[in-house]
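In this note's numbering, the protein residues as written are 544 to 1277.
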């Protein structure tokens, strides 16, 4: 097959899309390159339709360590294993951007597989993978209402002449697809997916960024996305295949009329039950079984459930759009009743419960020494992570039975969102030298458990005594649109059924100063810039309301840690002193740990983390390390302990692990024959540093003031009343 390539300039770098080199048996395959980062996106559709009541799309994002020239660190396993959390999140990023654009009636299995082939460490493969996936589906025979594109946007107050820099009205600079080195200086990490008109997906973490700056990033991203989409459209013209026909909707008008006429009361009762739970389909499923039997199996259960779901969504939408009535009687911008508690679990380091309506989350904070930081292996290398948030939603939280085990992709995604919401307010390692792990246990779910987890995280951290910079709260905003009248209503704090029957789930977390995290999922063909702007404002108002509630439960972080939390202290030592702390073969560090009972973690930059449940052990170890690394200077005075005695003097430990010699001539103003005449082992003595010789040996004196100025006493005169020593036989003659 002939190789076809299209290119477009994005932020001063060339993005290329190539077809015809690899995977020719897939429905479509595109190789995308940006810098030296290269990914392969393939899409394949099954030949047979499924009978599922949802669109069977799967997106697999496969990280290969070879892409960065690495081999897995395990000595026993060299093949890549289950997807990393980052790979799962990248897959979800792509899934959420493309899923709303598939036709409702298309029920063939569609599988997207993205493989990272080369990663340069500067250009991120996740956004490039989304572009490649969009191009692959666009040129395939699979029906789809794309293409879409995505870029990553950063923000800094740096030099606007930098590649990809676009200045905004406040003087800050938006960075389009910032390099890894630029991301380190950026105030946020924001991925925006869109078509040429509407925003399709948002995902970002921010440092308390104002709403207008976030909107500026969205506008900039859409302009860049439009250029990339034009490139994809050119590729479609060159190699695009004819799209497969979409099956027409089944004519089930007769079934719908029968249900309305014969089962009105049963339908209303089932609808009422559905509003009470996030996954309340039990009653509808039972009703569908009854109807199927009554119709003598003329209609399938999926057909009947489709009609019932459609009727429910229609009623839900009409009540909100035409009557201004939500299922629980709230106004469009009203938040459900909130309850909160802290300090629930006595043996944990911090705990809190946050409930909003039927959504209830228990969050637990655990603190540990930095040696328990999580190590993450990726194609670009290894990195350490000290703040971790895990989210768990067991089946009982929605009143059902189900699988329990490894976290689902949804749980990984929700945990990452809640983690990102608080990342910018976590104190630095220098300020708070702890590994921090949060676990959010969903006790009951009926809308926006991820934002409840963010609120619960704030409470748990403050209960644990973590000095967070600002409290964080989160809210989810929903959307109901009327296509006929082109009107819409935004819903604050959506319930499960409003998420099920609505058009979007727009989660926003932040502090009183600005936004810390955003996640937008769409069920329709995107939303306009104005709708994004209006949603951010409604979320800001709701966030401030919740923050006021948080302050009534716990006003600030507790002044001290739990008695069950480890005590951790960081000491900074000169890099050249690391060897003295570790000692030959680790002898010194083992001795410190054995004697004090503390655990030491020495970093390459000279940071030493000391941890123990007992504060006294930490203080002892800190004192020892400070002694080992202290630069002893002449004329300094110490209270030391006699550790060893030799005929010519005594060795005194002036600091933990550091000894100096007191010569017998420096023990007294009078003559001292042996050290034992003045000192004994274990005796505490006051000493003064006389000098440090060229070999680093410390010479000490026990003489001070005028005594130190007196001349050294001479040796007692030798007496000769002893017989002279003989040296053996007669003198030899030569």
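The C-beta atom is built at its ideal place from N, Cα and C for all residues, glycine as well.
Residue i (DSSP reduced to helix, strand or coil)
i: residue 838; result: coil
i: residue 798; result: helix
i: residue 1206; result: strand
i: residue 924; result: strand
i: residue 704; result: Reliability of the predicted coordinates at residue 704 is poor, the pLDDT of 44 falling under 50, and no value is obtained from them.
i: residue 1036; result: coil
i: residue 939; result: helix
i: residue 763; result: helix
i: residue 875; result: coil
i: residue 956; result: helix
i: residue 1231; result: strand
i: residue 776; result: helix
i: residue 1181; result: strand
i: residue 712; result: With a pLDDT of 47 at residue 712, under the threshold of 50, the modelled position of that residue is not reliable, and no figure is offered here.
i: residue 639; result: helix
i: residue 892; result: coil
i: residue 1245; result: coil
i: residue 1094; result: helix
i: residue 748; result: strand
i: residue 649; result: coil
i: residue 1170; result: helix
i: residue 1017; result: strand
i: residue 609; result: helix
i: residue 1138; result: helix
Contact under 8 Å by Cβ, residue i with residue j
i: residue 548; j: residue 560; result: yes
i: residue 813; j: residue 960; result: no
i: residue 553; j: residue 678; result: no
i: residue 1169; j: residue 1114; result: yes
i: residue 847; j: residue 835; result: yes
i: residue 871; j: residue 1023; result: no
i: residue 586; j: residue 680; result: yes
i: residue 1103; j: residue 987; result: no
i: residue 655; j: residue 599; result: no
i: residue 787; j: residue 686; result: yes
i: residue 895; j: residue 1006; result: yes
i: residue 588; j: residue 617; result: no
i: residue 1050; j: residue 967; result: no
i: residue 1144; j: residue 914; result: yes
i: residue 726; j: residue 759; result: no
i: residue 584; j: residue 657; result: yes
i: residue 1054; j: residue 1015; result: yes
Beta-bridge partners of residue i, as assigned by DSSP
i: residue 558; result: 551, 577
i: residue 769; result: Residue 769 pairs with nothing; no bridge assigned.
i: residue 808; result: Residue 808 pairs with nothing; no bridge assigned.
i: residue 1285; result: In the structure as shown, the chain starts at 544 and stops at 1277, and residue 1285 therefore has no counterpart that could be examined.
i: residue 1025; result: 1030
i: residue 654; result: 587, 601
i: residue 1150; result: 1115
i: residue 883; result: 897
i: residue 868; result: Answer is none; residue 868 lacks a bridge partner.
i: residue 979; result: 910, 930
Presumed contact (8 Å Cβ cut-off) between residue i and residue j, rounded CB distance
i: residue 1193; j: residue 1161; result: Contact flag wrong, Cβ pair sits at about 31 Å.
i: residue 1154; j: residue 912; result: 3 Å
i: residue 1004; j: residue 1098; result: That pair is no contact at about 14 Å.
i: residue 1125; j: residue 628; result: No, residue 1125 and residue 628 are not in contact; Cβ-Cβ is about 33 Å, not under 8 Å.
i: residue 1204; j: residue 1243; result: 6 Å
i: residue 890; j: residue 1008; result: Residue 890 to residue 1008, Cβ: 15 Å. No contact.
i: residue 1108; j: residue 910; result: 5 Å
i: residue 590; j: residue 736; result: Contact flag wrong, Cβ pair sits at about 30 Å.
i: residue 1159; j: residue 751; result: With 8 Å as the limit, residue 1159 and residue 751 do not qualify as a contact, their Cβ atoms being about 39 Å apart.
i: residue 964; j: residue 1018; result: Rounded, the Cβ-Cβ distance is 11 Å, inconsistent with contact.
i: residue 1033; j: residue 1041; result: In fact, because the Cβ distance is near 11 Å, the residues do not count as touching under 8 Å.
i: residue 683; j: residue 582; result: The pair is not a contact, with the Cβ atoms about 17 Å apart (cut-off 8 Å).
i: residue 602; j: residue 634; result: 5 Å
i: residue 738; j: residue 942; result: That belief does not hold up - the Cβ atoms of residue 738 and residue 942 are roughly 38 Å apart, past 8 Å.
Cβ of residue i within 8 Å of any chain B Cβ
i: residue 1075; result: In summary, chain B is missing from the structure at hand, where a single protein chain is found.
Residue i Cβ short of 7 Å to the ligand ZN heavy atom set
i: residue 787; result: Inclusion of the ligand ZN in the displayed structure is not the case, the ligand content being empty and no account of it being possible.
Decide yes or no for the touch test of the segment 990-1009 against the segment 880-888: beta carbon pairs closer than 8 Å, at least 3 of them.
By the Cβ rule, the segment 990-1009 counts as touching the segment 880-888, because three or more pairs are nearer than 8 Å.
Does the segment 1173-1184 come close enough to the segment 1220-1239 that 3 or more CB-CB pairs lie under 8 Å?
With the rule of 3 Cβ pairs closer than 8 Å, the segment 1220-1239 counts as touching the segment 1173-1184.
The segment 1067-1086 touching the segment 736-749, judged by at least three CB pairs closer than 8 Å
Yes, since at least three Cβ pairs between the segment 1067-1086 and the segment 736-749 fall closer than 8 Å, the two stretches touch.
Stretch pair the segment 916-928 + the segment 602-613: three plus CB contacts closer than 8 Å:
When C-beta atoms of the segment 916-928 are compared with those of the segment 602-613, three or more pairs fall below 8 Å, so the two segments count as touching.
Would you say the segment 773-783 touches the segment 721-736, given that touching needs at least three Cβ pairs under 8 Å?
Under the 8 Å Cβ criterion, the segment 773-783 does not count as touching the segment 721-736, having fewer than three qualifying pairs.
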